[in-house]
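Take 17 as the starting number for the sequence shown in this note's numbering and just add one per residue. In this text, a Cβ means the ideal position worked out from N, Cα and C, and glycines have one as well. First up is the structure itself, then whatever we jot down about it.
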Amino acid sequence: MAPTPRWKQLLDDRLAEAISVLGAVPGVHGLIVGGSLGRGEPWPMSDIDLLPVYVSTMEPSQQVEKRQSELIDWWAASGHAQTLDTGWLAFTAQELRDVLAAGPEGIAQRMADPRWFHGLDKAYGGHAATNDDELTSDFTQWATQIRFHPAVVSARLQRWREDAHQAAAEAFHLRDSDPCRSTQFLREAARSLRLVCIESWGERLGSMGREWTRFERIAEHHDARPLAARIAALAGADPQEASERARTAPVWLQERIDLSHRARHMVGENVTTEENARDQLAAFTVHVTRHRPDLDGPWTGSPDPALDEHLAELRELLTQHG
């Protein structure tokens, strides 16, 4: 199995279809095209990320979700599945007007709200789905301009640090009674610490299925490759160790690993076999932990066989960088 050479045209066609179908739902003011498509950086396995903007209330969200599900089913039945993410990252037109009026300091105060915390990052580099939607267009341009404003970065750093310390506390608390859960919290803490670094460097991560390699490339640019390697080891994302575990992964994940490797090379990404396997394994370990624990197995490396050592390393890194 390999990505179709028409992958870009297919993404464009399906994006246009999704905009037409979801934009026609009563109560939808407009749509933000976010993620890699919005930034003009798609790859063959890109999701279609659309953030709805509702006229006045979130009430139309159920109808949007219904049509989203119908589109995904239709695309899968047509012979080439495609993910479409609308989810909970949605806003009202009045909320957009309010944040535009409040400025960077105003939206920084909203970073405690997960909807705005993740929505701002998803909208970064994006654009309005239609040219005649001035409000959404103004917001996406503004969101891109202020994403790295000092007030916004400070608020986001505070959030990631809090997440890292809270997860670490749980990991230490559960170390003896539940090593598997302790491992999960250890990895959550490491992922949050990674984002403390990324944010402090004035950078951001992209696709979850490629983010560990991207993190290492960014760290190298900031002369911090050894730090990135230490954090990756705590998160179960060391390339060599993870690629070894990938050999015992379920068939569906091995297929995903192969497909992703071909897709990344198709767009000229410089990634090794081990790095690609690690990226996919790390991403789907998170997905399985959070959504499908019934699919867990030796391939997730849980509990961490070096749990005590890694918890001690986490404590040191949080003291130095958290």
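Helix, strand or coil for residue i, going by three-state DSSP, please let me know.
{"i": "Thr108", "result": "strand"}
{"i": "Leu26", "result": "helix"}
{"i": "Pro58", "result": "coil"}
{"i": "Arg274", "result": "Inspection of the sequence shows that residue 274 is occupied by Asp rather than by Arg. Here Asp274 sits in helix by DSSP."}
{"i": "Asp254", "result": "coil"}
{"i": "His165", "result": "coil"}
{"i": "Pro130", "result": "helix"}
{"i": "Val44", "result": "strand"}
{"i": "His189", "result": "helix"}
{"i": "Ala117", "result": "helix"}
{"i": "Asp89", "result": "helix"}
{"i": "Asp295", "result": "helix"}
{"i": "Asp149", "result": "coil"}
{"i": "Ala34", "result": "helix"}
{"i": "Asp101", "result": "strand"}
{"i": "His307", "result": "helix"}
{"i": "His143", "result": "strand"}
{"i": "Ser223", "result": "coil"}
{"i": "Gly95", "result": "coil"}
{"i": "Gly39", "result": "helix"}
{"i": "Ser318", "result": "coil"}
{"i": "Glu260", "result": "helix"}
{"i": "Val287", "result": "coil"}
{"i": "Met282", "result": "helix"}
{"i": "Ala184", "result": "helix"}
{"i": "Ala265", "result": "coil"}
{"i": "Thr73", "result": "coil"}
{"i": "Ala301", "result": "Rather than Ala, the amino acid found at residue 301 in this sequence is Thr. Correct three-state label for Thr301: helix."}
{"i": "Ala171", "result": "helix"}
Taking the continuous alpha helix (DSSP H) assigned at residue i, which residues delimit it?
{"i": "Gly54", "result": "51-54"}
{"i": "Pro242", "result": "241-250"}
{"i": "Leu311", "result": "Counting along the chain, Leu311 falls outside any alpha helix (DSSP H), and DSSP gives it neither H nor E."}
{"i": "Leu334", "result": "323-337"}
{"i": "Gln362", "result": "Lying before the first or after the last residue shown, residue 362 is absent from the chain, which here runs from 17 to 338."}
{"i": "His237", "result": "227-237"}
Is the Cβ-Cβ distance between residue i and residue j less than 8 Å?
{"i": "Ile123", "j": "Val168", "result": "yes"}
{"i": "Val287", "j": "Thr199", "result": "no"}
{"i": "Arg22", "j": "Ile64", "result": "no"}
{"i": "Arg55", "j": "Gly135", "result": "no"}
{"i": "Ile234", "j": "Ile247", "result": "no"}
{"i": "Leu38", "j": "Thr102", "result": "yes"}
{"i": "Gly222", "j": "Asp320", "result": "no"}
{"i": "Leu327", "j": "Arg191", "result": "yes"}
{"i": "Leu297", "j": "Ala322", "result": "no"}
{"i": "Met61", "j": "Gly284", "result": "no"}
{"i": "Thr264", "j": "Trp217", "result": "no"}
{"i": "Val69", "j": "Leu105", "result": "no"}
{"i": "Thr108", "j": "Ser77", "result": "no"}
{"i": "Ala293", "j": "Pro19", "result": "no"}
{"i": "His300", "j": "Leu269", "result": "A quick correction: the sequence has Phe, not His, at residue 300. In this structure, Leu269 lies closer than 8 Å to Phe300 by Cβ."}
{"i": "Leu151", "j": "Leu112", "result": "yes"}
{"i": "Asp295", "j": "Val304", "result": "no"}
{"i": "Ala156", "j": "His143", "result": "Rather than Ala, the amino acid found at residue 156 in this sequence is Thr. Yes."}
{"i": "Ala184", "j": "Leu330", "result": "yes"}
{"i": "Asp154", "j": "Leu202", "result": "no"}
{"i": "Phe231", "j": "Ala245", "result": "no"}
{"i": "Glu291", "j": "Pro255", "result": "yes"}
{"i": "Ala171", "j": "Ala187", "result": "no"}
{"i": "Gly43", "j": "Glu86", "result": "no"}
In terms of residue numbering, what span does the beta strand (DSSP E) encompassing residue i cover?
{"i": "Leu66", "result": "64-70"}
Would you say the beta carbon of residue i comes nearer than 7 Å to a heavy atom of the ligand MG?
{"i": "Tyr140", "result": "This structure simply doesn't include the ligand MG, nor any ligand for that matter."}
Q | Segment contact, 8 Å Cβ cut-off, at least three pairs: the region 31-39 with the region 129-137 | A | no
Q: Report yes or no: do three or more beta-carbon pairs, one from the region 306-325 and one from the region 77-84, lie closer than 8 Å?
A: no
(Q) With a threshold of 8 Å, are at least 3 pairs of Cβ atoms found where one atom belongs to the region 170-183 and the other to the region 199-209? (A) yes
Q: Kindly confirm or deny that the region 138-156 and the region 89-97 touch, where touching means at least three C-beta pairs closer than 8 Å.
A: no
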